[in-house]
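Chains as they are written, first to last, in the numbering used here: chain Y, 6 to 115; chain A, 112 to 347; chain D, 91 to 368; chain L, 150 to 761.
Structure record follows, encoded as structure tokens.
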Amino acid sequence: MEETKKEQTTTHKIGIYLWIWGILFVLSFCSYMVDWFQFQGLLRWSLILTFMFLKAGLIMAFFMHLFWERYALVNVLLWPMTAIACFVFLMVAEFKYTLFSRLFYFFIGG
Amino acid sequence: MSDPKIEGYDFKPGFRGLAQDAGSDQTMFKGVHWGKAMMWIFLLSDTFIFSCFLISYMKGRGSTPAEWPNPSEVFALHVGGVSVPLLLIAIMTFVLITSSGTMALAVKYGYERNRKMCGWLILATALGGLTFVGMQAFEWSKLIHEGVRPWTNPFGAPQFGSFFFMITGFHGTHVSIGVIFLSIYAYKTFAGHYDTGKRGWFTTIKGDYVEIEILGLYWHFVDLVWVFIFAFFYLW
Amino acid sequence: MHAGIIFFLVVLGSILFHIFTPWYWTDIASNWGSMDDTITLTFWVGGVVFITVCLFMIYCVFKFSYKEERRAEYKPEDNKLEKILTIATTLGVIALLAPGLIIWNQFVNVPKNAIEIDVMAWQWGWQYRLPGEDGKLGNTKVVNINDNNPFGIILDDPNGKDDVLIQSEEINLQNNRPVKILLRSVDVLHNWYVPQFRAKMDAVPGVVTFYWFEPNKVGEYEVLCAEYCGVGHYAMRGSVLVKDEQDYKNWLQEQETFSELVAKQKKIEFSETKLAKK
Amino acid sequence: MSENYNDNKIIQAQSSETVSAGGSGATPDIDYVRPAEVLEQDLYHGHSFITKWVFCQDAKVIGIQYFLLATFTGIIGLILSWLMRLQLGYPELAGFMTAEHYYQFVTMHGMIMVVYFLTALFLGGFGNYLIPLMTGARDMVFPYVNMVSFWMFFVAVMVLMASFFVPGGPTGAGWTLYPPQAILEGTPGSGMGIILMLVSLVLFVIGFTMGGLNYLITVLQSRTRGMTLMRLPLSVWGIFTATILAMLAFPALLVGGLMLVLDTILGTSFFMPTILKAGEVLEYGGGSPILFQHLFWFFGHPEVYIVALPAFGIVSDLISVHARKNIFGYRMMVWAIVAIGGLSFFVWAHHMYVSGMNPWFGFFFASTTLIIAVPTAMKVYNWILTLWRGNIRMNVVMLWCLGFILTFVNGGITGLFLGNVTVDVPLSDTYFVIAHFHMVMGIAPLMVIMGAVYHWFPLVSGRMLSEKLGKWHFWVTFLGAYSIYFPMHYLGFIGVPRRYFEMYDSPYVTSAVGMNEFISMAAFLVGAAQFILIYNIIKSLKTGKLAGKNPWKANSLEWFTPTVPPEHGNWGNKLPIVYRWPYDYSVPGAKEDFIPQTTPPSKVSDTEVEKT
Ligand code: HEA
Ligand code: HEA
Ligand code: CUA
Ligand SMILES: [Cu+2]
């Protein structure tokens, strides 16, 4: 079976791919520059994460066509990420606690 | 991709469309090829794998009191006597993004039934992947030469080596598998299997350019993962 | 029909078993009576639900058993009933959860006056360390552990000098005085568990974990290892003696401190080298 | 190879047909079903014995293969449990057993039962058999991948079995495989045993992923005309949701397993802190054992619902069919399954309350854990409300369902004890936990499996199982199992820790000796009773009463294949068209007390049917 009964999928103008491609290059360059200029602390993190999510979003949305897909697919793919977010969030709390315990009992002292 | 047309079905946009699609019979993802749906769900599962790797890395790095090596120095390259931080990694990133772009175009030309263009672009993508793996091999051998091992690391916390080899190794495996499949698909494209609808190996499914899109999804995913590895492993 | 009767007997038997069982809580000997209370509460709520659900089911079996001529009711949904049931269940859950969380809050907040005890576990045994006069335990490192320094105390940590070392599986505790158990393991996971005290926590290598309780009954208790730790797991026992203040002080007096141990060892080493020289 | 495809010749595509031929006076209006969206599926028809029965691409055969292999592992698990009970009840009789042996048995018993028996049986066995039939598909969407999935499972089982024969024996690390203990000496099988265990798990995960993609895409993308998600039988919903959980939870196991393998063979220190063994400091350092626990339970908790949700789904169908009544609150049931599945990703650390993790997690995880009780409770209520004013056939299938409800409620409520942090502190790692999860996982879903076997045996084989043997089987199993696990809770109250080879003479547990003997006796009996089923199956295959079509008068699609048992391709040359949900039992005004899903509305226009 297979090909679904529909017209040949419409394709998108080449321009949009080239644009995204260009932006991805710029963003990668920017994240490299974050390291080059040795930004530190909050600034570094916010820049790294911003560029990362922008890049990831562009790849997913345009190269992987998620932007043009129906919400049924998009939502099925994105909601499970809350589980990951929860896992990340809790593991941050966990590593801080472990680190504290190690420093407190093995290094600094109570 | 953009709404297909299905007899007797009236597509609605947005969340109303979501409710309508979910409530309809036969398919939930309207007009989405089985293989493509499968690839998406597989990638979702794979996302969880990489997330678990990265979360473990975060927990491991965060809770070790030992000094974590500064990646910007460890991965620096000496070019003409100056040490340029993360140079190789930056190049690898650009190579992978380039190959992602060629892949996206290959998909586009595939759907336009432009066999030649599609085939060459897939080959270019494979070449990009191969370059990436090659540079990764170079990076590994450089680190191994400097004494970094999965179990120790002369620059500080031993977990550095463990996580580095494991995560980049797993990603590299994905890239290598991708390169193999890209080569196969390039052959199939040039041989015209997608124009004639020839059946693939081991499957009852007829060839169609949608397979290029499916392969593309995988390839973009590999790139996507690299974005995260780049941010968390090299820039942290 | 028989089926209904047997199911009924099973439910009845469960209730009777619960009431008349000779097997129930080992007598409590710490301040965690509140844990037992939450268990009792859960028993009541859960028990009522279990009995109600099962009796309803059994009633249906009796009442609506197959008859050729009868038709079942056709009623796919009843929103009101479902809403009521959801709310009732939610209330039940809140009734269980609220006391649980309050007590957990007590459990993780250790009282200020608690004595810290370092419980060190290995495959397969226990040893203990008490703070000296200064009330503080010295820091430790696994790599420092050797015959002369069985607890791996960091030598230049001033807090560690007067620590009382108890190289035995038996520890004494003072009655009615809260203790904070600091758990440490040098190899794998263990768990220092005295059923009478109710509380327990894993000893994890690489970090220090803790919990607290206040023993309130003089006596001798058995320590069990409650986290699987290899073939010797089941044999990894210890014992706790809870004593009144005076007895406890006497016992404490007899114990050796770290500096005493170091001094003794120095003497032995010294005489050994002298012997060797001769 | 391509000559083996039927190329749409035998099976006529019928996509252009828009209106089914309704009976007399059919109005196209009410019987209208959208035309087919996807073309007919080509199937690969095997010709030789090998392609028909061994490397077969028919989901039904694959399902049976899964079922048989899983049952085989289940019997191994059962024998191991006998050996354990022998030691616990009569230590003097089991003189040949050392502590090493005992721990190996416990570990293999736990792992086999949870992963290789229940997961494989529910998803691989029932999933493969039922999904295509119940959704009205010709087969799974990727039959070849599906076949590979089974053989991966086969290899995984073989690797697992091989670990019994390597030097050092199978791993004895406990099914939770916690490092550092799992890979250090002092634990039985810490060499080859644990490596084979992990390799086998990785193979299982890979194999399962192949199968899982099939189940998901089949449900999502290849239902028959008229089959909306809200018309799926709850069995499919349960298996479907469980598969989603598996696809998202197994990655954590895979990653944890991989890292543990590296710790073992490469000497990395992901989970290994500085360790002093026999007076020597090992070459590890800096790792975190708790990380493994998080990874394991991020997998492990969804895993327990992976075995529970299919049971929930299947039992709903069985109850509905045999109570001759629609399932009460179908919509609620579906949402409850989805909610339980979703929430199960946010409760994992309730297994770690006393593990030394960040103590503040207790608040979060206790709350989420108890919240899960609400949707679960709704399911329980709906099962018993389905019985209410039903017309209950008290046959063997129904008995298993009733047994399931009783044991599940019992076990679920003991789960509430454990979920409520404070209460878990004294009970964790005692026999109370063992009793909880055997009640809710070892017994309850097993009852559903048994019920399902009695229910679908006629479909698979064309013959009925013997009711009389079935009743014996049920009562011995139910009463026996209940008397194993109900008293066992009280061992936990006394304070008896789990994974104890022997209690010695702890002053306060001597009273438990008698109970342990009793439990062991019951366990031997219950185990032996399972052979009644096996005898029943073998006997009925030859001499059982012929079932004919639809012996239970059920509504769902699987009973309406042109041939019983169904053939490859399931539906002959015409796919079924679905007009209603599968629960139209005892509809007022209808002639019979059931209306199959394929009956068009025009045929039953004088009845008051639920709009679905
Ligand atoms: C099929 C498997 C299955 C299922 C469904 C469950 C269901 C539940 N489990 Fe269980 N559990 C296991 C399998 C399962 N469990 C296993 C295998 C282990 C041990 C692993 C190991 O350590 O080796 C374990 C261990 C375990 C622990 C850890 C104990 C410890 O190690 O210290 C906890 C703690 O929270 C827990 C809680 C729960 C809860 C709250 C539920 C809930 O989902 C139950 C919900 C159901 C009900 C509540 C009953 C019906 C409801 C009503 C009739 C309504 C009225 C109810 C009230 C509000 C009072 N389980
Ligand atoms: C689904 C899971 C499952 C099942 C069915 C069982 C079944 C049984 N289990 Fe066990 N068990 C576990 C999962 C399970 N168990 C787990 C996860 C652990 C923890 C391991 C660990 O600590 O690491 C454990 C641990 C465990 C212990 C604790 C050991 C210890 O801590 O020291 C004990 C002790 O009595 C025990 C006993 C039994 C007994 C007597 C049976 C049975 O005898 C009960 C009766 C059996 C049956 C009713 C039939 C089984 C079915 C078949 C053989 C298939 C036939 C089917 C068809 C033909 C369709 N099990
Ligand atoms: Cu130490 Cu178990
Ligand atoms: Cu759980």
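Note that the Cβ used here is the ideal one computed from N, Cα and C, for glycine as well.
Remember, it's a predicted structure, so these values are computed and weren't measured experimentally.
Bridge-paired residues (DSSP) for residue i
{"i": "Asp208(D)", "result": "Arg219(D), Leu272(D)"}
{"i": "Val330(D)", "result": "Ile261(D), Tyr311(D)"}
{"i": "Lys426(L)", "result": "Glu429(L)"}
{"i": "Leu255(D)", "result": "Arg219(D), Glu346(D)"}
{"i": "Leu695(L)", "result": "Arg612(L)"}
{"i": "Ser155(D)", "result": "Ile541(L)"}
{"i": "Phe743(L)", "result": "Tyr734(L)"}
{"i": "Asn236(D)", "result": "Asn239(D)"}
For residue i, the three-state DSSP class (helix, strand or coil)
{"i": "His587(L)", "result": "helix"}
{"i": "Tyr649(L)", "result": "coil"}
{"i": "Leu108(Y)", "result": "helix"}
{"i": "Val195(A)", "result": "strand"}
{"i": "Ile541(L)", "result": "strand"}
{"i": "Asn266(D)", "result": "coil"}
{"i": "Ser120(D)", "result": "strand"}
{"i": "Tyr327(L)", "result": "coil"}
{"i": "Ile177(D)", "result": "helix"}
{"i": "Phe343(A)", "result": "helix"}
{"i": "Ser173(L)", "result": "Reliability fails at Ser173(L), whose pLDDT of 45 lies under 50, so the model's placement of it is uncertain and no value is given."}
{"i": "Tyr728(L)", "result": "coil"}
{"i": "Thr518(L)", "result": "helix"}
Top-ranked residue by Cα proximity to residue i, from the options
{"i": "Lys698(L)", "options": "Ile726(L), Arg612(L), Lys688(L), Met501(L)", "result": "Arg612(L)"}
{"i": "Gly490(L)", "options": "Ala427(L), Ala395(L), Leu467(L)", "result": "Ala395(L)"}
{"i": "Phe92(Y)", "options": "Ser660(L), Ala522(L), Gly360(L), Phe447(L)", "result": "Phe447(L)"}
{"i": "Phe494(L)", "options": "His717(L), Met310(L), Gly361(L), Thr390(L)", "result": "Thr390(L)"}
{"i": "Met65(Y)", "options": "Glu250(A), Ile340(A), Tyr329(A)", "result": "Tyr329(A)"}
{"i": "Gly86(Y)", "options": "Gly478(L), Leu576(L), Thr571(L), Leu397(L)", "result": "First, the residue type needs correcting, since residue 86(Y) is Met and not Gly in the sequence shown. Closest by alpha carbon: Leu397(L)."}
{"i": "Ile554(L)", "options": "Lys202(D), Thr230(D), Val151(D)", "result": "Val151(D)"}
{"i": "Lys147(A)", "options": "Asp334(A), Ile316(A), Leu346(A)", "result": "Ile316(A)"}
{"i": "Lys202(D)", "options": "Trp115(D), Glu304(D), Val330(D), Leu102(D)", "result": "Glu304(D)"}
{"i": "Arg183(L)", "options": "Ser162(A), Cys163(A), Leu234(A), Asp121(A)", "result": "Asp121(A)"}
{"i": "Met527(L)", "options": "Val139(D), Gly103(D), Ala93(D)", "result": "Val139(D)"}
{"i": "Phe275(L)", "options": "Leu217(L), Met262(L), Ala311(L), Tyr252(L)", "result": "Leu217(L)"}
{"i": "Ser660(L)", "options": "Pro112(D), Ala353(D), Pro268(D), Ala93(D)", "result": "Pro112(D)"}
{"i": "Gly676(L)", "options": "Phe623(L), Glu651(L), Pro700(L), Pro646(L)", "result": "Phe623(L)"}
{"i": "Thr563(L)", "options": "Asn363(L), Tyr634(L), Val368(L)", "result": "Tyr634(L)"}
{"i": "Leu352(L)", "options": "Gly436(L), Phe198(L), Val404(L)", "result": "Val404(L)"}
{"i": "Trp386(L)", "options": "Phe445(L), Ser465(L), Val354(L), Leu347(L)", "result": "Ser465(L)"}
{"i": "His334(L)", "options": "Phe743(L), Met346(L), Pro737(L), Ala427(L)", "result": "Position check: residue 334(L) holds Glu in this sequence, whereas His was assumed. For the residues Phe743(L), Met346(L), Pro737(L), Ala427(L), the minimum Cα distance to Glu334(L) belongs to Ala427(L)."}
{"i": "Pro737(L)", "options": "Leu331(D), Lys165(D), Ile95(D)", "result": "Lys165(D)"}
What are the uninterrupted segments assigned as beta strand (DSSP E) that are 3 or more residues long and contained completely in the region 291-322 of chain A, given in chain order?
none
Please give me, in chain order, every unbroken run of the alpha helix (DSSP H) with length at least 4 that falls completely inside the region 271-306 of chain D.
Taking 4 residues as the minimum length, the region 271-306 of chain D contains no alpha helix (DSSP H) run wholly inside it.
Length at least 4, wholly inside the region 229-287 of chain L: the alpha helix (DSSP H) runs in chain order
248-260, 277-284
Relative to ligand 3, what is the chain-ordered list of residues with a Cβ closer than 5 Å to any of its non-hydrogen atoms?
His280(D), Cys315(D), Cys319(D), His323(D), Met326(D)
Continuous alpha helix (DSSP H) assignments of at least 4 residues falling wholly in the region 365-417 of chain L
Counting only unbroken stretches of 4 or more residues, the alpha helix (DSSP H) elements lying wholly within the region 365-417 of chain L are 383-414, in sequence order.
Which parts of the region 560-585 of chain L are runs of the beta strand (DSSP E), unbroken and 3 residues or longer, counting only runs that do not cross its ends?
none
What ranges does the alpha helix (DSSP H) occupy inside the region 179-223 of chain L, keeping only unbroken runs of at least 4 residues that lie completely in it?
none
Going residue by residue through the region 151-237 of chain A, where are the continuous beta strand (DSSP E) segments of at least 3 residues, counting only ones entirely within it?
188-190, 193-195
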